[in-house]
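Participant: If you read the sequence shown in numbering that gives the first Met the number 0, its first letter stands for residue 0, the second for the next number, and so on. Using N, Cα and C, we set each Cβ at its ideal position, and we do this for glycine too. The following block contains the structure, expressed as structure tokens.
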Amino acid sequence: MRRYSVGFLALVLFLGAVVGSALGELIGSLLPTGVVHDFFLKSVTAGFGPATLDALVFSITLGVSFRLNVVGIVGILLVAYVLRWYR
0 MRRYSVGFLA LVLFLGAVVG SALGELIGSL LPTGVVHDFF LKSVTAGFGP ATLDALVFSI
60 TLGVSFRLNV VGIVGILLVA YVLRWYR
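Structure representation (structure tokens):
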């Protein structure tokens, strides 16, 4: 059994989520309104809102939000399957 680095696993999660979620949005936008349309466009959002660090000279505002749909999970599995052959 191979041991994968944390960076490789993060790359797989990121690429799979991006490709799968984009594909799910595309498929969902092409379908007529209904149950299947809602299935492809239903997503879960996680993250934290804007946090501001205000210094005297500068101000920094940071925030992160992730949206993952059902096809995004399939995308993660697909990218993991493909990338394991290139390792």
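1. From the DSSP output, which residues share a beta bridge with residue 47?
2. Using only alpha-carbon positions, find the residue among 52, 39, 56 and 57 that is nearest to residue 71.
3. Would a C-beta distance cut-off of 8 Å place residue 28 and residue 67 closer than the cut-off?
4. Check residue 4 in the structure and name its three-state DSSP category.
5. Would residue 78 and residue 14 qualify as a contact pair, given that the criterion is a beta-carbon distance under 8 Å?
Facilitator: In short:
1. Per DSSP, 63.
2. Among 52, 39, 56 and 57, the Cα nearest to that of residue 71 is on 39.
3. Contact flag unset, no.
4. Coil.
5. A contact, by the Cβ cut-off of 8 Å.
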